[in-house]
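J.:
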Amino acid sequence: MNLTFQNKKITGILTVLPKNEVKFDDEASNYNFPIEKSLRLKKIMGYNKHRIVDEETCVSDLCAFGLEHLIESNLLKKDEIDALILVTQTPDHFIPPTSNIIQGRLGLKQDMICMDINQGCAGYLLGLIQAFMLLDQDSIKKVVLLNADVLSRKTSSKDRNSYPLVGDAASVTIVERGVQNVPIYCNIKMDGSKANSLIIPAGGLRMPSTPETSELEDPGDSNLRSKNDLIMDGTSVFNFVQTEVPPMVSDLFEMSKVNKDDVDYFMFHQPNRFMLEKLADSMEISYEKMPNNVVTNFGNSSSVTIPTTITFNLGEQLQYRSYKICLAGFGAGLTWSSMMIELGNLDFCYIIEY
Amino acid sequence: MEKVLRMLEEIRPEFDFRNSSNFIQNGFLDSLDIITLVSMLDEYFHISINGTDIIPENFEDIESINKLILKGGGTL
């Protein structure tokens, strides 16, 4: 599905990272594999260090911290917020929406919209799409998009396929109306027939969490995880990304009438270094234009990786100049989406620690 | 061929790759082993095996792996 948005703009991006940094070398002995083998994968996949919350920190804590920071810094006024969108796969509760919890905690006005969206690695784009659509309403002038996940709490620490890659984080993106010479172009696709490729089987109503679903099991690959934990079919996800993302981005070039060489940066979701290098190779894009340093430094935080890639790599420049940037997210659902956007001259673009 | 066999033995020394033609079916290689092998092949043969070719069927035996190297422009 192709989408075009006129006169919308991002005016600020903040990333919130937990202070707690865990190094892969210190965790390698947790896994059922020879240390040498794990260390070889470290280099290939980009395992190095990741940010992990403690056992009590929730998505609303990271988001509220980021919002309070912006309000105290006079970068955001409470009464200007007309909509709060939260994209997360790890809400505080089933009921109520976590975005409402954040609204109440910050004392925001009642005359506004709060909504949660359950999306993963494509969630930054889905959140932006929702924000742009809300801004078509006369009464909505400023949307705060929150992306946040604490997936380390739902991933087995004895699963070497997933745990070393996972990072916890939140981001705050301000989206407003504004005169833009060039529209924002976007495409998005979904394939629910492959929903099991990335899934936490137990804990919902289809398979309630029980003592049995909490037991660690070896599915045959020497990793230990329970049915309450994230399960990723690595082969299926890898093949999906390599097959679907390059043609999607080619379609975006055609739709937006932008040549590949005219794009300054490709800020893609950050699954792991290997997958991104293979994508860059097949799309004939330099690694400099497609940064892949977020997993290595902070971990894969699902929908927060794209704003983190932006704040980490371009934070300073984007506060005084703009770039033509191609965004792409792909993951749980399965969902994949790309967006061509002129991004820059932001009011703020940086990282803080929680 | 010898170089590729040595790479496979380095990744999973407990298996007999020289007398098998069903690496995946026999459980000799999992998905991260395949990624490790691709990384080693890319580096040694100065190629970049296409991401869409990184599927288990292409790593079932030594002949399939050799085809990938040749497809990527490498020489055996």
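Residue numbers (numbering that gives the first Met the number 0), protein chains in the order written: chain A, 0 to 353; chain B, 0 to 75.
Ideal Cβ positions, reconstructed from N, Cα and C, are used throughout, including at glycine.
All values derive from a computational prediction rather than experimental measurement.
Can you check DSSP and say which residues form a bridge with residue 323/A?
T.: 341/A, per the DSSP bridge assignment.
J.: Under the DSSP definition of a beta bridge, which residues are partnered with residue 185/A?
T.: Paired residue(s): 2/A and 338/A.
J.: Between the C-alpha atoms of residue 136/A and residue 225/A, what's the straight-line distance to the nearest angstrom?
T.: For residue 136/A and residue 225/A, the distance between alpha carbons rounds to 45 Å.
J.: Should residue 64/B be flagged as near chain A, meaning a C-beta pair shorter than 7 Å?
T.: So no, residue 64/B is outside the interface.
J.: Pick out whichever of 36/A, 330/A, 343/A and 115/A has its Cα sitting closest to the Cα of residue 58/A.
T.: Answer by Cα proximity: 115/A.
J.: Alpha helix (DSSP H) containing residue 0/B: first to last residue?
T.: First-last for residue 0/B: undefined, no H or E at that position.
J.: Check each residue of the region 23–46 of chain A: if its Cβ is closer than 7 Å to any Cβ of chain B, include it; give the result in chain order.
T.: Those would be 39, 40 and 43, in chain order.
J.: Mapping DSSP to helix, strand and coil, what is residue 115/A?
T.: Residue 115/A falls in the strand class under three-state DSSP.
J.: Output yes or no for whether 7 Å exceeds the beta carbon distance between residue 143/A and residue 101/A.
T.: Against a cut-off of 7 Å, the Cβ pair of residue 101/A and residue 143/A comes out as no contact.
J.: Please report the distance separating the alpha-carbon of residue 334/A from that of residue 186/A.
T.: Using only the alpha carbons, I get a separation of about 11 Å.
J.: Tell me whether residue 93/A is buried or exposed, calling it buried when 16 or more other Cβ atoms sit within 10 Å of its Cβ.
T.: It is exposed - the Cβ of residue 93/A has fewer than 16 other Cβ atoms within 10 Å.
J.: If I follow the unbroken alpha helix (DSSP H) through residue 68/A, where does it start and stop?
T.: Note, residue 68/A: alpha helix (DSSP H), 58–71.
J.: Shorter than 7 Å from the beta carbon of residue 156/A to some beta carbon of chain B?
T.: Chain B, which has no Cβ nearer than 7 Å to the Cβ of residue 156/A, makes this no.
J.: Below 7 Å on C-beta distance, what does residue 95/B contact in chain A?
T.: Look at the range of chain B in this structure, 0 to 75, and you will see that residue 95/B is not part of it.
J.: To the nearest angstrom, how far is the alpha carbon of residue 163/A from that of residue 178/A?
T.: Each residue's alpha carbon lies about 43 Å from the other.
J.: Do we get a CB-CB distance below 7 Å when we pair residue 46/B with the residues of chain A?
T.: No, no contact with chain A.
J.: Below 8 Å CB to CB, which residues in the same chain sit around residue 149/A once its five sequence neighbours on both sides are set aside?
T.: Hits under 8 Å: 52, 56, 57, 58, 61, 89 and 167.
J.: List the residues of chain B whose Cβ lies closer than 7 Å to the Cβ of residue 281/A, in chain order.
T.: Neighbours of residue 281/A on chain B, chain order: 49 and 50.
J.: Between which two residues does the alpha helix (DSSP H) harbouring residue 170/A extend?
T.: Segment 168–176 is the beta strand (DSSP E) holding residue 170/A; no alpha helix (DSSP H) there.
J.: Using 7 Å as the limit for Cβ to Cβ distance, is residue 54/B near chain A?
T.: So yes, residue 54/B belongs to the interface.
J.: Does any CB atom of chain A fall closer than 7 Å to the CB of residue 68/B?
T.: It does not: the Cβ of residue 68/B has no partner Cβ on chain A nearer than 7 Å.
J.: Could you say which of 28/A, 23/A and 173/A lies nearest to residue 46/A if we only look at CA atoms?
T.: Of the candidates 28/A, 23/A and 173/A, the one whose C-alpha sits nearest the C-alpha of residue 46/A is 23/A.
J.: Consult DSSP for residue 276/A and reduce its assignment to one of helix, strand or coil.
T.: Three-state DSSP puts residue 276/A in a helix.
J.: For residue 17/A, count neighbouring Cβ atoms within 10 angstroms of its own Cβ and tell me buried if that reaches 16, exposed if not.
T.: Label assigned to residue 17/A: buried.
J.: Using the beta-carbon of each residue, which ones in chain B are nearer than 7 Å to residue 269/A?
T.: Within chain B, no residue comes near residue 269/A; the closest Cβ sits about 16 Å away, beyond 7 Å.
J.: Leaving out the 5 sequence neighbours to the left and right, which residues in its chain are closer than 8 Å to residue 140/A when beta-carbon positions are compared?
T.: The residues are 79, 81, 134, 175 and 176.
J.: Here's the rule I'm using: 16 or more other beta-carbon atoms within 10 Å means buried, otherwise exposed. How should residue 15/B be labelled?
T.: Exposed: under 16 other Cβ atoms inside 10 Å.
J.: Would you call the CB atoms of residue 294/A and residue 271/A closer than 7 Å?
T.: Cβ atoms of residue 294/A and residue 271/A: closer than 7 Å.
J.: Could you tell me whether the region 276–288 of chain A touches the region 298–317 of chain A, using the rule of 3 or more Cβ pairs below 8 Å?
T.: No: the two stretches stay apart, fewer than three of their Cβ pairs being nearer than 8 Å.
J.: Measure the C-alpha to C-alpha separation of residue 4/B and residue 217/A and round it to an integer number of angstroms.
T.: Near 28 Å, if we compare the C-alpha coordinates of residue 217/A and residue 4/B.
J.: If contact is defined by three or more beta carbon pairs under 8 Å, each pair taking one atom from either stretch, is the region 257–273 of chain A in contact with the region 195–206 of chain A?
T.: As far as the Cβ criterion goes, the region 195–206 of chain A does not touch the region 257–273 of chain A, which means the pair count is below three.
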